[in-house]
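S.K.: Quick note on numbering: the sequence shown equals residues 1 to 455 in full-length UniProt numbering.
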Amino acid sequence: MTEKTVSECLADWLAGLELDQVPDNARRAAADTILDTVCLSVAALETDYGQAVRAAFPDPGTATVWGLAEGRSPEAAAVINGTCGHGEDYDNTFEGCPVHTGVVIVPALLAAAERYGLGSTDVARGIIAGIEVMCRLGLVADKAVHKAGFHPTAVLGAMSAAAAVATALRLDRIGIRNALGVAGSTASGIIEYLADGSSTKRLHAGWAAQAGLRAAALGAAGFTGPKTVFEGSHGFFYAFSTPRATEFAPLVDDLGTRWEAARLAFKPFACGTMTQPYVDCAIDLARRGIRPEQVVRITCDVGEGTVHRLWEPLDIKRNPPTPYAAKFSGPYCLAAGWIWGDAGLAQFTEASVRDPRALDLAAKVHFRIDPENEYPANYTGHIRAELSDGSVAESRVPCLRGGARAPLTREELLIKARANLVFAGRDPASADRLAQWSDALMEGKAPFATDALRC
1 MTEKTVSECL ADWLAGLELD QVPDNARRAA ADTILDTVCL SVAALETDYG QAVRAAFPDP
61 GTATVWGLAE GRSPEAAAVI NGTCGHGEDY DNTFEGCPVH TGVVIVPALL AAAERYGLGS
121 TDVARGIIAG IEVMCRLGLV ADKAVHKAGF HPTAVLGAMS AAAAVATALR LDRIGIRNAL
181 GVAGSTASGI IEYLADGSST KRLHAGWAAQ AGLRAAALGA AGFTGPKTVF EGSHGFFYAF
241 STPRATEFAP LVDDLGTRWE AARLAFKPFA CGTMTQPYVD CAIDLARRGI RPEQVVRITC
301 DVGEGTVHRL WEPLDIKRNP PTPYAAKFSG PYCLAAGWIW GDAGLAQFTE ASVRDPRALD
361 LAAKVHFRID PENEYPANYT GHIRAELSDG SVAESRVPCL RGGARAPLTR EELLIKARAN
421 LVFAGRDPAS ADRLAQWSDA LMEGKAPFAT DALRC
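The structure is reproduced here in structure tokens:
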């Protein structure tokens, strides 16, 4: 008997997945993901990129663009919702590989629900399945996808959105396998946005969502894709990683018993995941009464895998060219935390990133690679500040606040969601209604309706 391929193993599990097999902690994480994702997307609707992506995809239809009354085609809604949700880099992530599951899976599934008239149980199954697959793909990818110049959320997201929609549609194992095979040829997304802070990273989540939606539709129609899409000699990981990833145990082992979907991380700050512990370190030093003008030099111990995204080229990272580029600048993000005690949406405006106080402090930041740093298995922070009186102050953060080791509470997530709606000029009470609906949806009890998504 021929050994099953990776996509066949996944398809077998996805085809048999039922909601009552999913533990409570994975359902809660999925409900929190809906809350976080929708409110972030609404917050970005009137940004320059939010307006641009809406103008670029005017396709009329009945699928909901969250926060708007007028509809779009399902594919257009998925692109817009995913792009806006990911736009401020404030969306959930996963420790092990920084993939952003919510802004890919939720837009794809809710668009599919409206297109196909899906019930709440199948929507819930699909969302949880997509999150689980994306996290597990991230464990296989580790740091290799980034090293190859690709964005994990983009390329892993297309595969995972296809898995999510195909599961929600209750395709058989062959249909799911074909959807995955097709998605491998639609995945894309390079990380050259790091050079100038341009908007393409924002698009990656929405593009992956619509790619998965289309791939599942093709799989449902009988269109074929390679069954060795993951491990083949010209397959997904051959194309998108270096060195080539060949160890697939994290993806296919213990399906249904080990739930990575329960270990999502929700960001307290609106910037790159790996910067967040350094922001907390800076806030800690500020609270201890150390003023920026006392600082002569700052040295950060960092993981080698974060350097090309957050710390180099150091001159540019100290003086980011755009507010978006600032989100991926270790020096700026910690300066924002030190000066303002936060790194929320207000700290990534044109005025904030040009503030002389922030730039002066960022100019004092240096880094050194710590060979013992646990990244990407754990996200830590360490700042050593040399002061003008000759003394040294240090702060260490052992893990990502909001991550599996120090999760945010539901109330903390609601505070964040309400603040994002207020930023958009919306009623913050909509976040509480959305949270209640998301909880019921993940129990298979809420009828799928769009009222909660209009905020």
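We treat Cβ as the ideally placed atom computed from N, Cα and C, and that holds for glycine.
For clarity, every value in this text was computed on a predicted model and none was experimentally measured.
1. What's the C-alpha gap between residue 429 and residue 418?
2. Determine the closest residue to residue 169 out of 125, 205, 51 and 141, with distance taken between C-alpha atoms.
3. Using a 10 Å radius around the Cβ and a threshold of 16 neighbouring Cβ atoms, would you call residue 277 buried or exposed?
4. Under the assumption that residue 393 contacts residue 341 (Cβ atoms under 8 Å), give the Cβ distance between them as a whole number of angstroms.
5. Identify whether residue 97 lies in helix, strand or coil by the three-state DSSP scheme.
6. Counting only the same chain and skipping the five closest in sequence on each side, list residues whose C-beta sits under 7 Å from that of residue 1.
7. Shortest alpha-carbon distance to residue 212 belongs to which of 337, 115 and 166?
8. Starting from the Cα of residue 426, find the closest Cα among 226, 327 and 40 and give me that residue.
9. Taking 6 Å as the limit between beta carbons, can you name the residues of its chain near residue 160, skipping five residues before and five after?
10. Does the segment 442-449 touch the segment 117-124, meaning 3 or more C-beta pairs lie closer than 8 Å?
11. In or out: residue 196 buried (at least 16 other Cβ within 10 Å) or exposed?
12. Hey, residue 27 and residue 128 are a contact pair by Cβ (cut 8 Å); roughly how many whole angstroms apart?
13. Using only alpha-carbon positions, find the residue among 347, 368 and 366 that is nearest to residue 358.
14. Taking all protein chains shown into account, do 16 or more other C-beta atoms lie within 10 angstroms of the C-beta of residue 229, making it buried, or fewer, making it exposed?
15. Drop a sphere of 10 angstroms on the beta-carbon of residue 349, count the other beta-carbons inside from all chains shown, and report buried for 16 or more, exposed for fewer.
16. Quick one: what does DSSP say residue 368 is sitting in, helix, strand or coil?
17. Who are the Cβ neighbours of residue 378 in its own chain at under 7 Å, not counting the five residues just before and after it?
18. If you compare alpha carbons, which of 6, 100, 65 and 59 is closest to residue 263?
19. Check whether the segment 212-227 and the segment 174-190 touch, using three or more Cβ-Cβ pairs below 8 Å as the test.
20. Is it the case that the Cβ atoms of residue 236 and residue 187 are separated by a distance below 9 Å?
21. I'd like to know if the segment 381-389 and the segment 308-326 are in contact, where contact means that at least 3 CB-CB pairs between them fall below 8 Å.
22. CB-CB under 8 Å to residue 232, same chain, minus the five flanking residues each way: which ones, in chain order?
M.R.: Looking at the coordinates:
1. One-based indexing of the sequence shown puts residue 429 at position 429. One-based indexing of the sequence shown puts residue 418 at position 418. Taking C-alpha positions only, residue 429 is separated from residue 418 by approximately 7 Å.
2. Translated into positions along the sequence shown, residue 169 becomes position 169. Closest option to residue 169, Cα to Cα, is 125.
3. Residue mapping note: residue 277 aligns to position 277 of the sequence shown, counting from 1. Under the 10 Å beta carbon count, residue 277 is surrounded by 16 or more other beta carbons and is classified as buried.
4. Working through the sequence shown from its first residue, we reach residue 393 at position 393. Working through the sequence shown from its first residue, we reach residue 341 at position 341. Distance from residue 393 to residue 341 at the Cβ level is roughly 17 Å; contact not present, criterion being Cβ atoms closer than 8 Å.
5. For this step, residue 97 is matched to residue 97 along the sequence shown. Assigned with DSSP and collapsed to three states, residue 97 falls in coil, not helix or strand.
6. As a first step, residue 1 is located in the sequence shown; it is residue number 1 there, counting from the start. Bear in mind that the predicted position of residue 1 carries a pLDDT of just 39, short of 50, making it unreliable; the figure below should be weighed with that in mind. Taken in chain order, the list of residues that qualify is empty.
7. Counting from one through the sequence shown, the residue named residue 212 turns up at place 212. The shortest Cα separation from residue 212 among 337, 115 and 166 belongs to 166.
8. Here residue 426 refers to the residue found at position 426 of the sequence shown. Residue 40 is the option with its Cα nearest to residue 426.
9. Start at 1 with the first residue of the sequence shown, and residue 160 comes out as number 160. Cβ neighbours of residue 160 within its own chain (closer than 6 Å, five residues either side excluded): 130, 133 and 134.
10. Verdict: yes, contact present.
11. By 1-based counting over the sequence shown, the position of residue 196 is 196. So residue 196 ends up on the exposed side.
12. By one-based count along the sequence shown, residue 27 stands at place 27. By one-based count along the sequence shown, residue 128 stands at place 128. That belief holds up - the Cβ atoms of residue 27 and residue 128 are roughly 7 Å apart, short of 8 Å.
13. As a working mapping, residue 358 is identified with position 358 in the sequence shown. The alpha carbon of residue 358 has as its nearest neighbour, out of 347, 368 and 366, the alpha carbon of 347.
14. The sequence position of residue 229 within the sequence shown is 229, counting from 1. That one is buried.
15. Here residue 349 is taken as the residue at index 349 of the sequence shown, counted from 1. In this structure residue 349 is exposed. Its beta-carbon is surrounded by fewer than 16 other beta-carbon atoms within 10 angstroms.
16. As a first step, residue 368 must be located in the sequence shown, where it is residue number 368. The answer is strand: DSSP assigns residue 368 an E or B state.
17. Residue 378 sits at position 378 when you count from the first residue of the sequence shown. Taken in chain order, the residues that qualify are 95 and 399.
18. As a first step, residue 263 is located in the sequence shown; it is residue number 263 there, counting from the start. That would be 100, whose Cα lies nearest to the Cα of residue 263.
19. Flag = yes, the segment 212-227 and the segment 174-190 touch.
20. By one-based count along the sequence shown, residue 236 stands at place 236. By one-based count along the sequence shown, residue 187 stands at place 187. In this structure, the beta-carbon distance from residue 236 to residue 187 falls below 9 Å.
21. The segment 381-389, when compared against the segment 308-326, does not touch it at the 8 Å Cβ threshold.
22. For the purposes of this step, residue 232 is taken as residue 232 along the sequence shown, with counting starting at 1. Non-local C-beta neighbours of residue 232 in its own chain, meaning closer than 8 Å and more than five positions away in sequence, comprise 226 and 238, ordered along the chain.
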